[in-house]
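Numbering (my numbering), first residue to last: 2 to 185.
Taking it in order: structure first as structure tokens, then the write-up.
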Amino acid sequence: MAKSLQDQMLALGLTNQKKAKKNAKEMKKTAHAKRTGNDEGLEDTAAEAEAARKDKAARDKELNRQRDDAAKLKAIAAQIKQLISSNAVDAAGDIKYNFVHDKKVKQMYVNQAVWDRLSRGQLAIILLEVVKEEAVYKVVPLQVAEKIRERGPDHFIMIADASGDVMDEDDPYAAYQIPDDLMW
């Protein structure tokens, strides 16, 4: 005749006699409670198990939502990076173009044609990435800048004011004409 699981565990040393007796006593108690119809404790245990299952399901659902959100953000960042790298304008030159990013004046060297188009607001400067605390900026057409703005509204995009009229009513130098060929 085959030994019971409890006897096998005792023989292997996985449990001791005290635990075996305690387990047998619990089993008798639950069996008696079921037979007599006095099983409120069992219902409480079942309710606790159901509540724990629902809590775990809610936690898992929240974790899945967070994981999905992170994946969407990563996909959008990849799309933005791909848009910038595939549509970047070759702007290498020797004329310094200054712009403001995070309340700091940044500069990039561009050629005359790109400088003119940037000044008129026909091109935009976009932050591609930050490598070792050094920002990498690229020049792209306005259409691409708008597509990037749709995907990531908080992504840095600098577009010059096309009107060129930046007048302040309190400006003490308003009466002085600024030459068109002035570069700062």
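Think of the CB as a built atom: it goes at the ideal place given N, C-alpha and C, for glycine as much as any other residue.
Legend entry - Spatial neighbours of Gln108 in its chain, beta-carbon cut-off 8 Å, leaving aside the 5 residues before and after: As a position in the sequence shown, residue 108 is number 107, starting the count at 1. Around Gln108: Lys97, Tyr98, Asn99 and Phe100.
Inset, instruction - For Gln76, count neighbouring C-beta atoms within 10 Å of its own C-beta (all shown protein chains included) and say buried if the count is 16 or more, exposed if not. - result: Translated into the one-based positions of the sequence shown, residue 76 becomes position 75. Residue identity check: residue 76 is Ala in the sequence provided, not Gln. Looking at its Cβ environment, which holds fewer than 16 other Cβ atoms inside 10 Å, Ala76 is exposed.
Inset, instruction - Quickly, what does DSSP pair Phe100 with across the bridge? List them, please. - result: Here the question's residue 100 lines up with position 99 in the sequence shown. According to DSSP, Phe100 shares a beta bridge with Lys107.
Legend entry - Proximal residues to Ala92 (C-beta, below 6 Å), its chain only, five neighbours per side dropped: Looking up residue 92 in the sequence shown gives position 91. Excluding residues within five positions, the ones whose Cβ falls inside 6 Å are Val111, Val115 and Val140.
Inset, instruction - Please name the residue, chosen from Asp70, Asn65, Ile149 and Ile126, that lies closest to Gln80 on a Cα-to-Cα basis. - result: Numbered from its first residue, the sequence shown carries residue 80 at position 79. Out of Asp70, Asn65, Ile149 and Ile126, Ile149 has the C-alpha closest to the C-alpha of Gln80.
Legend entry - For Lys62 and Lys26, the rounded distance between their alpha carbons: Here the question's residue 26 lines up with position 25 in the sequence shown. Here the question's residue 62 lines up with position 61 in the sequence shown. Their backbone Cα atoms lie some 39 Å apart in a straight line.
Legend entry - Beta-carbon gap between Ala161 and Gly122 smaller than 8 Å: What you label residue 161 is simply residue 160 of the sequence shown in a count that begins at 1. What you label residue 122 is simply residue 121 of the sequence shown in a count that begins at 1. Taking 8 Å as the Cβ cut-off, Ala161 and Gly122 qualify as a contacting pair.
Legend entry - Short Cβ contact (8 Å threshold) for Leu129 with Val137: Taking the sequence shown and counting its residues from 1, one reaches residue 129 at position 128. Taking the sequence shown and counting its residues from 1, one reaches residue 137 at position 136. Yes; because the gap between Cβ atoms is below 8 Å, this pair is in contact.
Inset, instruction - Verify whether the separation of the beta carbon atoms of Ala125 and Ile158 is less than 8 Å. - result: Locating residue 125 in the sequence shown gives position 124, where the first residue counts as 1. Locating residue 158 in the sequence shown gives position 157, where the first residue counts as 1. Yes, they are a contact pair.
Legend entry - Buried or exposed by the 16-neighbour rule on C-beta atoms within 10 Å, applied to Ala146: Start at 1 with the first residue of the sequence shown, and residue 146 comes out as number 145. Ala146 is buried by the Cβ-count criterion.
Legend entry - Whole alpha helix (DSSP H) elements within the region 38–90, 4-residue minimum: 41–88
Legend entry - Ordered list of alpha helix (DSSP H) runs contained in the region 132–179, each at least 4 residues: 143–152
Inset, instruction - Taking Asp182 as part of the alpha helix (DSSP H), name the residues at either end of that continuous run. - result: Along the sequence shown, one-based indexing puts residue 182 at 181. Premise fails: Asp182 is in no alpha helix (DSSP H) and is neither H nor E.
Legend entry - CA-to-CA distance, Lys133 to Ala59, given in whole angstroms: Start at 1 with the first residue of the sequence shown, and residue 59 comes out as number 58. Start at 1 with the first residue of the sequence shown, and residue 133 comes out as number 132. Computed Cα separation, rounded: 40 Å.
Inset, instruction - Could you check which residue in Ala176, His156 and Lys57 has the C-alpha nearest to that of Lys82? - result: If you number the sequence shown from 1, residue 82 lands on position 81. Ranking Ala176, His156 and Lys57 by Cα distance to Lys82 puts His156 first.
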